[in-house]
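Under the working numbering, the sequence shown has 1519 at position 49, and the numbering climbs by one with no breaks. Virtual Cβ for every residue (Gly too), placed ideally from N, Cα, C. Worksheet for the structure shown next.
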Amino acid sequence: MVDAAEIEAGMRVLEPSAGAGALASEIRARHPDATLHLIELSPHAAGHVV
């Protein structure tokens, strides 16, 4: 999924329904120059976002 997003350096990335943040962790690892914004409405899941 990260490859399909075609994220480039300096891009702003929005991840709605971030869950525990697994996808966000992969995005950070592959694209450290991108700005990542996460949204998670579930208090349980939001407490586990890394």
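For the alpha helix (DSSP H) containing Glu-1496, list its first residue and its last residue.
1492-1500
Out of Gly-1489, Ala-1475 and Ala-1490, state which residue places its alpha-carbon closest to the alpha-carbon of Val-1483.
Ala-1475
Boundaries of the beta strand (DSSP E) in which Glu-1485 is found, first to last residue:
1482-1486
Return the first residue and the last residue of the alpha helix (DSSP H) that Asp-1503 is part of.
Careful: Asp-1503 lies outside any alpha helix (DSSP H) and carries neither H nor E.
Give the DSSP-derived three-state secondary structure of Ala-1475 in the structure shown.
helix
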